[in-house]
Each structure stands twice: as structure tokens, then as C-alpha cells.
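Protein sequences, first through last, are from chains A and B.
Be aware that the first sequence starts at 162, since it is given in my numbering, and climbs by one per residue.
Be aware that the second sequence starts at 933, since it is given in my numbering, and climbs by one per residue.
Heads up: the structure comes next, in C-alpha cells.
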Amino acid sequence: MYRYDEFDHALVQDRVKQFSGQVQRRLTGEITEDEFKPLRLMNGVYLQLHAYMLRVAVPYGTLSSRQMRMLAHIARKYDKGYGHFTTRQNIQYNWPALKDIPAILEDLASVEMHALQTSGNCIRNVTSDQYAGVAANEVEDPRIWSEIIRQWSTLHPEFSFLPRKFKFAVTGAPEDRAAIRVHDIGIELVKGEDGQTAFDIYVGGGQGRTPMIGKLIGKAISQENLLTYLEAIMRVYNMHGRRDHLFKSRIKILVHTIGEEEMRRQVEEEFAAMQKDGPVELPKAEIERIQAYFAAPAYETLENDPDELNAAFEKTPAFARWVKQNVAAHKVPGYAIANISLKPVGGVAGDASAEQMEKVAELADAYSFSEIRVTHEQNLVLADVPQKDLFALWQELDANGLGTPNLGLITDQIVCPGLDYCNLANARSIPIGQAIAKKFEDLDRQNDIGELKIKISGCINACGHHHVGHIGILGVDKKGTEFYQVSLGGSADEKTSLGDITGPAFTEDKIVGAVENIVETYLSERQNGERFLDTYRRIGMKPFKEKLYAAH
Amino acid sequence: MAQHSNKMAQVQAVTANRLIDGVVIYLTAKGEWSEKLADAAIAEGKEAAEALLAKANPALEQQEIVDPYLFEIAEEDGTLVPASVRERIRMAGPTVRLDLGKQAEGKTA
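Structure (C-alpha cells):
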């Protein structure tokens, strides 16, 4: 993985020092909250319902075991013994005291981590495919390009005061596990005409108040031109983005307003203008320097399906179930990708205790080249596990509440913190997710239902990705009472779609029953091998709506 | 954004977050700040509410508190409780982690 060079170290240390001074001046009353707020937000510090919240960047979701141990240490020393993994592959702490934040940032800097650009109107943490580098059919490891974009966008003076926040996602595989079409800029690695890695660039996707699917603006952009092309997009947005209207300030509104063609024309015009004094190209040597950080680890020569794995399947059905659901194929023979679900029934989606973080770090050291990935669906991944070690790994995971075999099933939900923690929320999300998980707790039932992604947000900002849930749930406030609006048919993969709202919202008492109704309708309508999403796309809203509102 | 205050509310109290650690606090009749809602001064009517909110100014100017505001109080089974779900959660802690927040520290009464 990437290691800081002297510039990265200096930059992070400078910021720790600068922000420590700002916190000190705030605590002594030299600066007011109005003066301090933009400064704390530039450093990932929010003020939530119960306390401050610190959001720590995990670039493209990749962590070393050493970093994970530090995250555990921070949870234990400065917080309440746990952290929350987010849909930007970051981690949030819900209870830090402002006075402790300089010390936390010092600790983070000691393991090459920080909280820069995890808030504010700048380019946020670049997200990527959690199977980067190990998926069989990817063009190239997307983290190479995520890292190049991270370096380019970190403290970029031109893009530090954008009209609104700005999110990038990068995938190297045709199967989109990074939700690139619902990002401000989504990038798919493709093969260019010369056989080299090139980039399809989707612009203007997003969720929130006005969900949009990104438009393919740049086709097969070359490696040398990638950053200049991205810079041209950012310039068009910086110039024409709606700074006068918060709800219209994202790039999706600009693209929607002027249209795909005009957006492309303006970007190309800007791109050409940037080259008028000669080409502005990303140096090959720099690309190679970054590529070297993501070279494949020293894989052993191993066979697929080793005898000990098959023996363990026969002996331990629970292990077989976990492998079937949570383990994915690896590009190297004899290896596997192990997904660690952070969605146990009764738990809080994305939360991990300090002890669990340390256990995952230990298991990464033992079985997966000391590396961990965070997924945008709020789970963890050990990407390089020898198949012969899967049983030992599973035993440890299972003993530590990390072995839930529910990846992609109805209990593996994205759930935002909602009104239990968040200052912006209108309704609680976590208890709704928990109640649905409890209702569908039976693993045989979950497996029978098959792939079904529920995504829950506690307000219109859509941190819980409800627009792209197969079943999306949005919490709303009606005169002080929580209601839940349901949408169906959303998806964030390579066939991205936005969900359709079923009709009137449900109360807290009725929402679980409504989900059960939807699932029962699917089960009665599905044809051979259809997933929920396939059935919905075939039969449409009507049968679901009839069942949902039959009693009304 | 969630509704912080209700303009039609008749019975209100003042809350804020403490600067140093963000902890939820309530303004008392003496103009001090307490972590417990039970200690909060209650204002009835618009004028009394505005006067109460003005009492938050010294702490605001001293940079001890952040974002003071009025919120509605309701009576439930003879006790005064926040009217909104949001303020009930601020008063107690996350409903999904009863081991955390004021509810775990015996500060809800």
C-alpha cells in the first residue's frame, strides 16, 4: 500500500500543528464559534447531538493492521470504545472532546493518517472497489489512480472552496462495487485503443435531495491526460456551480441544467485552453512510482479448493455457509477474498469495538499481508486469504462477533447514524435497521430471499444511500413524529437505477411489516433464479403497491 | 434540518453544547449550566422564553457554550420532558446504545 513520503509527512504534521493552535485559541475564547466552525470542518470535526464527532480519512478504504490498531487505541483512549465505518470508507468517532482532538490527530499522524478533507466544500476522500487488486477481471488496481487523485486533490488551492462538497469514486472492474454513477465524478478504468489503461469519466451523479445518475462525459481519457481532464471538469464546476443556492450547488445540478452535451463541450474547451502553451501531462515516472506501491504481495504457489477446506465444509456447516455467502473469488489460485460483516443482528451497522478492530488487525497480520479494506457498504475485507486458512480465520471471526454470514442479504444494510447521533437527521435509522434485521434473522429465510440490499437514511441528505437501495427507506419528520418513506428498485452497481417511491410513508410501528409485505410479494412473483431487483424490474411497482396499501 | 424549536411552543427550556467536550447542557434558573434537564429553568410564554434565552449570553460571550436555543417541554405522567424525539435523544443518549450517554451516567433524572 501507499507509504507517506517526506512531503506527505510534512503536510500532515503542519496541519496537526495548525489545527492544534486553532483548537487552543477556541478553548481560550480568542476565536468565536462562527470563526472556528469552518476551521474545524476542514479537519473533520463536527458538532453532533451528544458530542463532537471526528471523521478520519481512510483513503480508498485501505488500512494497514498498524493503522487499524491505532484506530482501536483512539476508540479506547479518547472515545467510548468503538468507531463507526462509513459509506465513504472512513471511520467516525462519536464522542471525542474538543480538547482531545489535537492529541488524536497526533496519534493518527504517527501512522500516516489524518482527518483532512473529510468535511467542507472540497474534494472528499476518494473511494474505490474493496476488491481492488484482487478481482479477476479488473483492468488495473484502481487504488493507483485513487492515490494519484488523492495527491492531486489534497489541499489543492483551487479546489478548497468549491460551491459544495465533491466526491470521487474509482473502479477498475466492470462490476461496479464502488457506486461510481452516484458520485460527483465516477471513474471506470477501461482499456484504451492502444491497450493501455484509460478512463471513462462519469460526471454529475449523486444522491441527496435531488438524486441523479452520472453522465458519461469523458470517454477513454488517457493516463497522461487524466488529471488535466479532471481539472477541466472542476474548473467548469467552480465557475458555474450555484454558490447562491445550497440545494442547487452540487455539480449534478449544473450538468442537469446545461445538459450532457454542453457540459462535455465546456470541459473540452477548458481542457484545450489548459494545453495552449503546450501539453500538461502526468509524468510517466510519477505513475510508475505510485504503481510500485500497489504491486501484488508475495503470493505463495497454492492450489484452489485444498483438501482441508473441503474437509472443514463437511465437518462444519456454519463455516460452509459463511464461505458461500461472505467469501469471493480471488484472481490468484489458492487465495480468497474474505468479507467481514459488521452487520450482526442486534448490532449497529458499521460499528466495531476497539477489541474487534484489534482482532481484525491481528487476523490481517496472520492471514492477509497485514492489510484491511473498508467497504462503502460498511463492512470490512481481508482481500488476500489463503483458502487453506479460511477455516482458522472463520473460527476467530465467529468467536469475536465478526462471522455473520449475511453479505448482500437482507440484514446486510447500509444504515446512517440517523437521529440517534446526527444533528441533521429527522428520524432514527439504526432502530429501523435493527427491527428489520430481527424480523429476518433466520438465515435460511435470508438465503431463500437472496440478494436484497436495504439502505436507510434518517434525512434527505441520503448518507444511507436510500435512493439506490433495492429497498430504500427514508426517515422523515411529520410534526415531531418519525415516518418512513419507502422506495423500490434502486441500485448502485453497473446498472445503476434510482428507486421509485411506493406511496405514503409508514410509521415506526408499520415499517417492518411494510418491508415484510414487499418481500412476500417478491417471493410470490419471482421466477427462476430472479433476485429481488430482477423481479421488480420485470413486474414494476404495481403489485408491490397493491399489497402495501391494500388495507388503507 | 430537523426542527430545533417550535415557535408556537408555550413551555420551553434552553439547551446548548458545552464547548470543551460538546456535552449537552441546560440553562438553570440561576443562569448556570447543568448536564441534567431536571435542573433546567422552565419558561412559560413567549416573553419569558426570550428572557431565558438572553440569560445564555454571558456563557456564549465567555466562549463556554455553543449554539444555545429554546426547545419545547411537554408534561408526561406528571414530569416535564422534551416534546420532540430529537431533544429526548439529546437528553438521554442514543436509543440504540443504552450503555452510552446521560442515560448511562444517571443524568437523565
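C-beta atoms are modelled at their ideal positions from N, C-alpha and C, and glycine is treated no differently.
As the structure is a prediction and not an experimental result, all values here were calculated from the model.
- When rounded, the separation of the alpha-carbon atoms in A/E385 and A/A675 is 51 Å.
- With fewer than 16 neighbouring CB atoms inside 10 Å of its own CB, A/M400 falls in the exposed class.
- Listed in chain order, the positions of the segment 951-973 of chain B with a beta carbon within less than 8 Å of a beta carbon of chain A are L951, I952, D953, G954, V955, V956.
- With its beta carbon at least 8 Å from every one in chain B, A/H245 lies outside the interface.
- Taking 8 Å as the CB threshold, A/E194 lines the interface with chain B.
- For B/E979, the number of other beta carbons within 10 angstroms of its own is below 16, and it is reported as exposed.
- The alpha carbon of B/Q942 has as its nearest neighbour, out of B/S966, B/A1006, B/L985, the alpha carbon of B/A1006.
- Around the beta carbon of A/M395, 16 or more other beta carbons sit within 10 angstroms, so the residue counts as buried.
- Here A/H628 is not bridged, per DSSP, to any residue.
- The count of Cβ pairs closer than 8 Å, one atom from the segment 622-635 of chain A and one from the segment 648-658 of chain A, reaches three, so the stretches are in contact.
- When secondary structure is reduced to three states using DSSP, A/P547 falls in the strand class.
- DSSP places A/S410 outside any alpha helix (DSSP H), giving it a letter other than H or E.
- By alpha-carbon distance to A/F320, the top candidate from A/D290, A/M203, A/I593, A/I235 is A/M203.
- Excluding residues up to 5 positions away in sequence, M229, R230, L232, A233, A236, G244 lie with their Cβ nearer than 8 Å to the Cβ of A/M518 in the same chain.
- Fewer than three beta-carbon pairs drawn from the segment 600-610 of chain A and the segment 537-557 of chain A are found closer than 8 Å, and the two stretches are therefore not classed as touching.
- For A/R285, the three-state secondary structure derived from DSSP is coil.
- Straight-line spacing of the CA atoms in A/Y460 and A/A527 works out to 14 Å.
- If you look at B/L1002, you'll find it in the beta strand (DSSP E) that goes 997-1008.
- B/T1027 has a beta carbon lying within less than 8 Å of a beta carbon in chain A.
- DSSP, read as helix, strand or coil, puts A/V484 in helix.
- Residue pairing from DSSP places A/S225 in a beta bridge opposite A/E532.
- B/G1038 and A/C583 have their alpha carbons spaced roughly 22 Å apart.
- Distance check between A/N255 and each of A/G579, A/V673, A/A434, A/K409 places A/G579 closest, using alpha-carbon atoms only.
- Counting only residues of its own chain and dropping the five nearest sequence neighbours on each side, A/G379 has a CB closer than 6 Å to the CB of I362, Y390.
- Assignment of beta-bridge partners to A/M373 by DSSP yields A/G367.
- If you check each beta-carbon in the segment 643-668 of chain A against every beta-carbon of chain B, the ones closer than 7 Å belong to E643.
- Among the CB atoms of chain A, one or more fall inside 8 Å of the CB of B/L1032.
- Near chain B, meaning a CB-to-CB distance below 7 Å, the residues of the segment 577-592 of chain A are L580, D581, Y582, L585, A586, N587, R589, I591, P592.
- The shortest C-alpha to C-alpha distance from A/N487 to any of A/V542, A/K445, A/D466, A/N465 is the one to A/V542.
- A/K352 sits exposed, since fewer than 16 C-beta atoms from the chains shown fall within 10 Å of its C-beta.
- Residue pairing for B/Y958: DSSP places it in a beta bridge opposite B/T947, B/S966.
- From the beta-carbon of B/Q995, the residues of chain A found nearer than 9 Å are R187, L188, T189, G190, E191, I192, T193, E194.
- Counting other Cβ atoms within 10 Å of its Cβ, A/T572 reaches 16 or more and is therefore classed as buried.
- Contact note: B/A1015 reaches chain A through G641, using a C-beta cutoff of 9 Å and chain order.
- Contact between the segment 953-961 of chain B and the segment 661-670 of chain A is not established, with fewer than three Cβ pairs separated by less than 8 Å.
- Here A/P263 carries a helix assignment [DSSP, helix/strand/coil].
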